[in-house]
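Novice: Supplied in C-alpha cells, the structure appears directly below.
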Amino acid sequence: MKLSYTHTHTLLNWTTLYTDRRSFTDNMSAALCAFILTCSALCGSTVVSGVLSKPTNVRLTSHDMNLVLRWESKEQPAGLVYTAEYKPSLADYRVGCVNISTLECDFTCLNISIFQYGKYTGRVRAQSGSETSVWVESNQTTLDKDTIISSPNVSLFSNGATIEVSIQDPIFAISALREVYNSATYNITYWQDGQKQKAKSISNIQQSWVVLNDLEPWTKYCVQVQIKTGRNADTNLSKPSSAVCESTTVEEEAPWVPAVVTFVVMAMAVALVVVAVLYRKRIFHFLCPKDALPQHFKEDLLACPNSSMYIAMGNPHPAEEIYHQVIIMADSRTLAEGRPLESAGQPDTT
Ligand SMILES: *[C@@H]1O[C@H](CO)[C@@H](O)[C@H](O)[C@H]1NC(C)=O
Ligand SMILES: *[C@@H]1O[C@H](CO)[C@@H](O)[C@H](O)[C@H]1NC(C)=O
Ligand SMILES: *[C@@H]1O[C@H](CO)[C@@H](O)[C@H](O)[C@H]1NC(C)=O
Ligand SMILES: *[C@@H]1O[C@H](CO)[C@@H](O)[C@H](O)[C@H]1NC(C)=O
Ligand SMILES: *[C@@H]1O[C@H](CO)[C@@H](O)[C@H](O)[C@H]1NC(C)=O
Numbered sequence: 001m002k003l004s005y006t007h008t009h010t011l012l013n014w015t016t017l018y019t020d021r022r023s024f025t026d027n028m029s030a031a032l033c034a035f036i037l038t039c040s041a042l043c044g045s046t047v048v049s050g051v052l053s054k055p056t057n058v059r060l061t062s063h064d065m066n067l068v069l070r071w072e073s074k075e076q077p078a079g080l081v082y083t084a085e086y087k088p089s090l091a092d093y094r095v096g097c098v099n100i101s102t103l104e105c106d107f108t109c110l111n112i113s114i115f116q117y118g119k120y121t122g123r124v125r126a127q128s129g130s131e132t133s134v135w136v137e138s139n140q141t142t143l144d145k146d147t148i149i150s151s152p153n154v155s156l157f158s159n160g161a162t163i164e165v166s167i168q169d170p171i172f173a174i175s176a177l178r179e180v181y182n183s184a185t186y187n188i189t190y191w192q193d194g195q196k197q198k199a200k201s202i203s204n205i206q207q208s209w210v211v212l213n214d215l216e217p218w219t220k221y222c223v224q225v226q227i228k229t230g231r232n233a234d235t236n237l238s239k240p241s242s243a244v245c246e247s248t249t250v251e252e253e254a255p256w257v258p259a260v261v262t263f264v265v266m267a268m269a270v271a272l273v274v275v276a277v278l279y280r281k282r283i284f285h286f287l288c289p290k291d292a293l294p295q296h297f298k299e300d301l302l303a304c305p306n307s308s309m310y311i312a313m314g315n316p317h318p319a320e321e322i323y324h325q326v327i328i329m330a331d332s333r334t335l336a337e338g339r340p341l342e343s344a345g346q347p348d349t350t
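Under the UniProt record's numbering, think of the first position of the sequence shown as 1, with each following residue one higher.
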C-alpha cells in the first residue's frame with residue numbers, strides 16, 4: 001500500500017515536471033519547484049506537505065467513569081508520537097499523555113484529578129522529530145451523564161424453594177456507582193427457564209442482596225439485572241447483565257424444627273454434665289471401690305487349688321470310704337428314770 005502510494009506520487013510529480021518543462025522550459029523556478037516536489041516524493045510522502053497529517057476521528061469517551069481520548073491515524077511512520085491534553089469546561093488545556101505511540105490516552109489512569117460531574121474536552125496532535133501536526137479537538141463529555149455503565153455482576157444462590165440474588169456494582173475508574181448516582185436502583189427481571197415472555201420484574205431495589213420467594217420448587221429460573229441511575233427520566237441505564245440461571249429445590253422445612261432439635265440436644269448435654277459434677281464422688285466410688293479385699297483372701301483366691309478335699313470334689317468317682325458299722329442303742333431304763341443324758345456317754349455294758 002505504502003509503496004504504491006509513493007510510486008503514484010512520484011509518477012504524478014514526474015508528470016508535473018514534464019508538463020512544466022514543456023510549458024515553461026525557460027522558467028527555472030518552476031523546474032526547481034518540480035525537482036523539490038519529486039525529491040520530496042522520493043524521500044517520503046510525509047514531508048511533502050511540510051506538516052504531519054493530523055489525527056482523525058478524535059473522540060472523548062467514558063465507560064464506568066473513566067475518561068479516554070481516542071483517535072485514528074492514516075499513516076504510522078516510525079517515530080510518530082502523540083500528545084493528548086484535556087480541558088475541564090471553563091479552564092485551560094492541561095497535559096495528559098506526552099509522546100505516546102498508542103492511539104488512545106486514558107486520563108483517569110494518570111495521577112490527575114478528574115471530577116465525577118465534570119465536563120471535559122480533549123485534543124491531540126501528532127509529532128515526529130521536530131514536526132508537529134495541528135491540534136484536533138474532540139467532542140465534549142459530561143462524565144456522569146455520558147458515561148456508559150457496564151452491567152452489574154449477578155450471582156444466584158438456590159436456597160430451598162427460593163433463590164437469593166447477589167448484585168455487584170461495576171467498578172468505576174473514579175468514585176463509585178452509589179457515590180455518583182445516589183438514587184441508583186436495580187431492576188431485577190426473572191423468569192422460568194424457556195419462558196422469558198412470562199418474565200416478572202421487580203424494580204426500585206436498592207439493596208444488593210434480594211430473595212426471590214414466589215418461585216416453584218424444583219424449577220430452573222433465570223435472572224437479569226439492570227441498573228437505573230435515576231437520572232434523565234430513567235433514560236440512563238447500565239447495560240443489562242447477561243441472564244444467569246439456577247434451580248430451586250425442595251420446599252424448605254419449618255425453620256423452628258432444627259432449632260428445637262438443637263435446643264433439646266444441648267439441654268440433655270448440659271443436664272448430663274451437671275449430674276456428673278454433682279454425683280462425681282458416688283460415681284467415682286462405684287467405679288473404683290476403696291475397701292480392698294484382705295491380702296490373705298486374695299492369696300487364697302489366687303493360689304493353685306491343691307488340697308485333697310478340692311481334688312476329691314473335682315473327682316467324678318469318689319474313692320470308696322472305709323468305715324466300721326456302729327450301732328447306738330438307747331438304754332430304756334435310764335430314759336425311764338429320767339437320768340441325765342451325761343451317762344449315755346459312758347461305756348456300754350451290753
Ligand atoms: C517528547 O518528544 C519531543 C520530541 O522528540 C521532546 O522534545 C520532548 O522532550 C519529549 N517530551 C517528553 C516529556 O518526553
Ligand atoms: C500523585 O500526585 C500527588 C500530588 O499531585 C502526589 O503527592 C502523589 O505522590 C502522586 N502519586 C503518584 C503515584 O504518582
Ligand atoms: C464480575 O465477574 C467477573 C468474572 O467473575 C470479574 O472478572 C469481574 O471483575 C467482576 N466484576 C465486578 C464488578 O465484581
Ligand atoms: C425492568 O426491566 C424489564 C426488562 O428489561 C422491563 O420490561 C421493565 O419495564 C423494567 N421495569 C422498570 C420499572 O423499568
Ligand atoms: C443519559 O441521558 C441523557 C439525556 O437523556 C442522554 O443525553 C445521554 O446520552 C444518556 N447517557 C447514556 C449513557 O445513555
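Every residue gets a Cβ at the ideal spot worked out from N, C-alpha and C, and that includes glycine.
Which same chain residues end up closer than 6 Å to N99 when comparing Cβ atoms and leaving out the 5 residues on each side of it in sequence?
Specialist: In the sequence shown, counting from the first residue as 1, residue 99 sits at position 99. Around N99: V81.
Novice: Can you give the Cα-Cα distance for residue 371 and T102, rounded to whole angstroms?
Specialist: This structure does not reach residue 371, given that the chain is present from 1 up to 350, and the question cannot be answered.
Novice: Under 8 Å: does the beta carbon of R231 sit that close to some heavy atom of ligand 5?
Specialist: Your numbering for residue 231 matches position 231 in the sequence shown. Answer for R231: yes, Cβ within range of ligand 5.
Novice: Taking the beta carbon of P217 as the centre, do at least 16 other beta carbons fall within 10 Å, making it buried, or is it exposed?
Specialist: Counted from its first residue, the sequence shown places residue 217 at position 217. Around the beta carbon of P217, fewer than 16 other beta carbons sit within 10 angstroms, so the residue counts as exposed.
Novice: Ignore the nearest five residues each way along the sequence and tell me which others in E104's own chain have a CB closer than 7 Å to its CB.
Specialist: Taking the sequence shown and counting its residues from 1, one reaches residue 104 at position 104. So the qualifying residues of the chain are V68, L69 and R70.
Novice: If you draw a straight line from the alpha carbon of D146 to that of Q226, how long is it in whole angstroms?
Specialist: Along the sequence shown, one-based indexing puts residue 146 at 146. Along the sequence shown, one-based indexing puts residue 226 at 226. Per the coordinates, the alpha-carbon of D146 lies some 17 Å from the alpha-carbon of Q226.
Novice: For ligand 1, is there any heavy atom lying closer than 8 Å to the beta carbon of residue 353?
Specialist: Residue 353 falls outside the range modelled here, since the chain spans only 1 to 350, and no answer is possible.
Novice: Scan the region 205-284 and note each continuous beta strand (DSSP E) run of 3 residues or more that stays entirely inside, going in chain order.
Specialist: 209-212, 220-228 and 244-247
Novice: For D64 and I167, which I take to be in contact (beta-carbon distance under 8 Å), what is that distance rounded to the nearest angstrom?
Specialist: Counting from one through the sequence shown, the residue named residue 64 turns up at place 64. Counting from one through the sequence shown, the residue named residue 167 turns up at place 167. Their Cβ separation, rounded to whole angstroms, is 16 Å, which puts D64 and I167 out of contact at 8 Å.
Novice: Residue ranges of each alpha helix (DSSP H) run of no fewer than 4 residues wholly in the region 118-205, ordered along the chain?
Specialist: 143-146 and 177-180
Novice: For G96, is the beta carbon positioned less than 8 Å from some heavy atom of ligand 1?
Specialist: As a working note, residue 96 is residue 96 in the sequence shown. The answer is no for G96.
Novice: Can you tell which of N187, V274, G230 and N213 has its C-alpha closest to the C-alpha of V154?
Specialist: Counting from one through the sequence shown, the residue named residue 154 turns up at place 154. In terms of CA proximity to V154, N187 leads the group N187, V274, G230 and N213.
Novice: Just grab the DSSP bridge partners of C97 for me.
Specialist: Within the sequence shown, residue 97 is the residue found at index 97, counting from 1. A84.
Novice: Would you say the beta carbon of V81 is closer than 8 Å to some non-hydrogen atom of ligand 1?
Specialist: Mapped onto the sequence shown, residue 81 falls at position 81. For V81, the shortest C-beta to heavy atom distance toward ligand 1 is below 8 Å.
Novice: Just the Cα atoms here: how many angstroms apart are W191 and L156?
Specialist: Against the sequence shown, residue 191 aligns to sequence position 191. Against the sequence shown, residue 156 aligns to sequence position 156. Their Cα atoms are separated by approximately 13 Å.
Novice: Since T142 and K119 are thought to touch, with beta carbons under 8 Å apart, how far apart are those beta carbons, to the nearest angstrom?
Specialist: What you label residue 142 is simply residue 142 of the sequence shown in a count that begins at 1. What you label residue 119 is simply residue 119 of the sequence shown in a count that begins at 1. T142 to K119, Cβ: 5 Å. Contact.
Novice: Buried or exposed for N232, please, with buried defined as at least 16 other CB atoms from any protein chain shown within 10 angstroms of its CB.
Specialist: Locating residue 232 in the sequence shown gives position 232, counting from the first residue. Exposed is the call here.
Novice: Which residues mark the beginning and the end of the beta strand (DSSP E) in which C105 is found?
Specialist: On the sequence shown, position 105 is the one that residue 105 refers to. Unbroken beta strand (DSSP E) run through C105: E104 to D106.
Novice: Cβ of A161 within 9 Å of Cβ of E251?
Specialist: Here the question's residue 161 lines up with position 161 in the sequence shown. Here the question's residue 251 lines up with position 251 in the sequence shown. The answer is yes: Cβ separation under 9 Å.
Novice: Take S208 and list the residues in its own chain whose beta-carbon comes closer than 6 Å to its own, dropping the five residues that flank it on each side.
Specialist: One-based indexing of the sequence shown puts residue 208 at position 208. In chain order, I167 place their CB closer than 6 Å to the CB of S208, counting only its own chain and leaving out the 5 sequence neighbours on each side.
Novice: Using the Cβ count rule (16 or more neighbours within 10 Å means buried), how would you classify F263?
Specialist: For this step, residue 263 is matched to residue 263 along the sequence shown. Under a 10 Å Cβ-count criterion, F263 is classified as exposed, with fewer than 16 other Cβ atoms of the shown protein chains found around its own Cβ.
Novice: Report the residue from T132, V244 and D193 whose alpha carbon sits nearest the alpha carbon of Q224.
Specialist: What you label residue 224 is simply residue 224 of the sequence shown in a count that begins at 1. Q224 has its Cα closest to that of V244, out of T132, V244 and D193.
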